[in-house]
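Chemist:
Number of protein chains: 2
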Amino acid sequence: MRIKKALQALEEKGLKCGIVLKPENIYYLAGFFPSAFCALVLEEDPRLFVSDMDKKLASDIDLDVKPIENFKKGFRPGYKKIGIEKGYATVRFYEKYLRDREIFDLDFINDMRKVKDKFEIRQIKDALKLTARGMEIAKEMIDAKRYTEKEIAAGVEHFFKSRAGSAFEPIIACGGNSAIPHHRPSNKIADRDPVIVDMGARVNHYSSDITRTFGFSDSSDIFLAVRDAQEAGIRECRAGNEVKNVDAAVRGVLKEYGFECDFLHSAGHGLGLDVHDPPALKKDAEGIFEKGMVVSVEPGVYRDVGVRIEDMVIVGRRPEVISKNIAAGIGAD
Amino acid sequence: MRIKKALQALEEKGLKCGIVLKPENIYYLAGFFPSAFCALVLEEDPRLFVSDMDKKLASDIDLDVKPIENFKKGFRPGYKKIGIEKGYATVRFYEKYLRDREIFDLDFINDMRKVKDKFEIRQIKDALKLTARGMEIAKEMIDAKRYTEKEIAAGVEHFFKSRAGSAFEPIIACGGNSAIPHHRPSNKIADRDPVIVDMGARVNHYSSDITRTFGFSDSSDIFLAVRDAQEAGIRECRAGNEVKNVDAAVRGVLKEYGFECDFLHSAGHGLGLDVHDPPALKKDAEGIFEKGMVVSVEPGVYRDVGVRIEDMVIVGRRPEVISKNIAAGIGAD
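Quick mapping for you: the protein sequence lines, in order, are chains A and B.
Note that my numbering has the first sequence beginning at 1, numbered continuously upward.
Note that my numbering has the second sequence beginning at 1, numbered continuously upward.
#1: Determine contact between the segment 76-90 of chain B and the segment 84-92 of chain A, defined as no fewer than three beta-carbon pairs at a distance below 8 angstroms.
#2: Please report the residue range of the beta strand (DSSP E) in which residue 197(A) lies.
#3: With 7 angstroms set as the bound, which would you pick, yes or no: does the beta-carbon of residue 288(A) sit closer than that to a beta-carbon of chain B?
#4: Count the other CB atoms within 10 Å of the CB of residue 219(B); is the residue buried (16 or more) or exposed (fewer)?
#5: According to DSSP, is residue 312(A) part of a helix, a strand, or is it coil?
#6: Closer than 7 angstroms, CB to CB, is residue 94(B) near chain A or not?
#7: Are there any heavy atoms of the ligand ZN lying less than 6 angstroms away from the beta-carbon of residue 10(B), as far as the coordinates show?
#8: By the 9 angstroms beta-carbon criterion, what residues does the segment 178-192 of chain B contribute toward chain A?
#9: What is the C-beta distance between residue 172(A) and residue 190(A), in whole angstroms, given that I count them as a contact (C-beta under 8 angstroms)?
#10: Residue 303(A): buried (16+ other C-beta within 10 angstroms of its C-beta) or exposed?
#11: How is residue 23(B) classed by DSSP in three states: helix, strand or coil?
#12: At which residue ranges does the segment 22-109 of chain A contain complete alpha helix (DSSP H) runs of 4 or more residues, listed in the order of the chain?
#13: What is the rounded straight-line gap between the Cα of residue 224(B) and the Cα of residue 305(A)?
#14: Give the residues of chain B in contact with residue 265(A), contact being defined as C-beta atoms less than 9 angstroms apart.
#15: Could you work out which residues of chain B lie near residue 90(A), taking near to mean beta carbons separated by less than 8 angstroms?
#16: Taking the continuous alpha helix (DSSP H) assigned at residue 144(A), which residues delimit it?
#17: Less than 7 angstroms between the C-beta atoms of residue 42(A) and residue 7(A), yes or no?
#18: Using the three-state DSSP reduction, which class does residue 265(B) fall into: helix, strand or coil?
#19: Contact check, residue 297(A) vs residue 314(A) under 8 angstroms by CB: the rounded distance?
#20: Just to confirm the assignment, what range does the beta strand (DSSP E) spanning residue 250(A) have?
#21: Strictly below 7 angstroms CB to CB, what residues from chain A border residue 162(B)?
#22: Run through DSSP, which three-state label would residue 280(B) get?
#23: Counting pairs of beta carbons, one from the segment 137-149 of chain A and one from the segment 318-325 of chain A, are three or more of them closer than 8 angstroms?
#24: Please check if any C-beta of chain A sits within less than 7 angstroms of the C-beta of residue 332(B).
#25: Using 7 angstroms as the threshold, is the C-beta distance between residue 39(A) and residue 15(A) below it?
#26: For the segment 221-238 of chain A against the segment 249-264 of chain A, do three or more pairs of beta-carbon atoms, one drawn from each stretch, fall closer than 8 angstroms, so that the two count as touching?
#27: Assuming residue 142(B) and residue 226(B) are in contact, meaning their beta carbons sit under 8 angstroms apart, how far apart are those beta carbons, in whole angstroms?
#28: Between residue 13(A) and residue 114(A), what straight-line distance do the alpha-carbon atoms span, to the nearest angstrom?
#29: Under 8 angstroms, with one C-beta from each stretch per pair, do the segment 107-127 of chain B and the segment 100-113 of chain A reach the 3-pair mark?
#30: Going by other Cβ atoms of all chains shown within 10 Å of its Cβ, with 16 needed for buried, is residue 247(A) buried or exposed?
#31: What residues in its chain sit with their C-beta under 7 angstroms from that of residue 120(B), if we drop five residues either side in the sequence?
#32: Exposed or buried, which one is residue 333(B) when buried takes at least 16 other CB atoms within 10 Å?
#33: Does the pairing of the segment 122-134 of chain B with the segment 120-133 of chain A give three or more beta-carbon distances under 8 angstroms?
#34: Return the bridge partner residues of residue 293(A) from the DSSP annotation.
#35: What do you reckon, are the CB atoms on residue 153(B) and residue 194(B) nearer than 7 angstroms?
#36: Output yes or no for whether 7 angstroms exceeds the beta carbon distance between residue 275(B) and residue 222(B).
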């Protein structure tokens, strides 16, 4: 059971208590996804503090479930050292509950989440199946040349959410908008090339994340650079290899083509309960790839217009690309 | 200009520097809504630190715009006392940048945001117009008795997002699900009464939030209790009155009906850039209502099934209910 593993990891750090606040981590450890403020206290007898609004949802959880008021009023454990998610817990939370205590980061939860088990990989693959259809919907709407970016994004999300969920608001970025990596869909008709489409479905809390660029010549330098960079990045997604090698490989290829300064983000990220799950495929990433990690590799070049390609990979002895059947976009057909 | 007001408020607190991280607050003060990590440093010459991905979006901002790397590497101002949003900044941020400094809460930004100006009220009213149509769409789909909760929620969001934005994922909760205030739409056909529908559109970053309950007898005790509680709550939304009186009035009526223990959340909340904007209409709310605040009043009773009604009010000498034209649901027609 994951909670047991977490308690062991806590003990190895010399801690007897950890407070988990991030909903995704609570879900990962306890199987319960809170809708309001909630705290999972990892200690000898773990307790889950939930809001009144969530108490019905939490009623079948195999843990000691308490009302959150008791946490608020009564959280006074005798522990001097406490683990918290430093990247999630706010300063206000710290001041209210943890002043005068020594605090440590519960980073081992991120480590636990990196390698996906069979159930998790099945959810991610199911999310990819929906994404394949979502990409077709986007393609059809773009080809019609009469829908706005917003309408296309809403059409894709409607499909995802009718069946399961959407991992994030799709990015539909046409013409000059494609030069903005996080462009928010506008009321502009998507009738100018290129069109970047970045989307993902969510199934049982697990996300997919795929990008295609439509209407860009696949013999242009920019396209070739992004494609070659992605291939080079994907090749690095091997168990035993250093995680940072992906970004280095991607950046190396883009540099050869002269586009290094037009690459505005990192090479990719893990996928799971978060759209940006560990590990981050950053320049300064630490750690080694392990079998069963699931990541996306997404180089992009942004000048007057942009090109980005993003695919998902399961790390193994060799990288297993699990999204190449989503073929719409440049280079397809 | 809002930044000037913020600088004055900072000075009144004896501070020469404040770091704003929350996107809604950055947008409120600087007119720029970041899509990635971003920091607005309030000081004599305010600076906005943005990620590479946002630099094109921020290019027309009337502020000194810097790359976020400079913040990360070079944020070492000589200030001993610094203001931050304690309820938003993480412990990690604090440890990375603010250790050994005395920190203060930038709560005055919340205070500034409470009273809405004309532009803001126009956006909220525009969001309400979309919500009126969204509620009709939900009603039509519920009446058809062949759509799942998910399909109805997705249909409403599709409408909102095609035109503007959605404030949050609509709640469609039918039958026993209506007893869960934050129910997540399921794959169950919404063919059993009652059906709680809680939705809001977002226009230019401003949110609406309306709830109706369909298919519940409007002569039942529960309905009468919730309706009377809402009316009592709304009556308290008057300039000069104490904010906490709303929750007291709502709770008082529900108590008379014997439903006090079945009310699982607070009486309402402000609306604006956040769906839960200041002021919170909580039991222990501090402060006085001012003309131009915009709030929702949303009592609910949750037993085997639930009933909730939520309307929006502009605070003035008298409360101005701005959503009563959204008439679908119990008591309508």
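Virtual Cβ for every residue (Gly too), placed ideally from N, Cα, C.
Predicted, not measured: the structure shown is a model, and the values here were computed from it.
Modeler: Taking the coordinates as given:
#1: yes
#2: 195-199
#3: no
#4: exposed
#5: strand
#6: yes
#7: This structure simply doesn't include the ligand ZN, nor any ligand for that matter.
#8: 179, 180, 181, 182, 183, 184, 185 and 187
#9: 6 angstroms
#10: exposed
#11: helix
#12: 23-30 and 68-74
#13: 58 angstroms
#14: 36, 51, 52 and 53
#15: 86, 87, 88, 89, 90 and 91
#16: No alpha helix (DSSP H) holds residue 144(A); DSSP gives it neither H nor E.
#17: yes
#18: coil
#19: At roughly 12 angstroms, the Cβ-Cβ gap does not stay under 8 angstroms, so residue 297(A) and residue 314(A) are not in contact.
#20: No beta strand (DSSP E) holds residue 250(A); the alpha helix (DSSP H) holding it covers 244-256.
#21: 150, 151 and 154
#22: strand
#23: no
#24: Low local confidence applies: a pLDDT of 47 at residue 332(B) is under 50, so the model's placement there is unreliable, with the coordinate-based value given in what follows. Not an interface residue.
#25: no
#26: yes
#27: Actually they do not touch by this definition, with Cβ atoms about 19 angstroms apart.
#28: 19 angstroms
#29: no
#30: buried
#31: 206 and 272
#32: Per-residue confidence for residue 333(B) stands at a pLDDT of 42, beneath the threshold of 50, marking its modelled position as unreliable; the derived number appears in the next sentence. The residue in question, residue 333(B), is exposed, as its Cβ has fewer than 16 Cβ neighbours within 10 Å.
#33: no
#34: 115(A)
#35: no
#36: no
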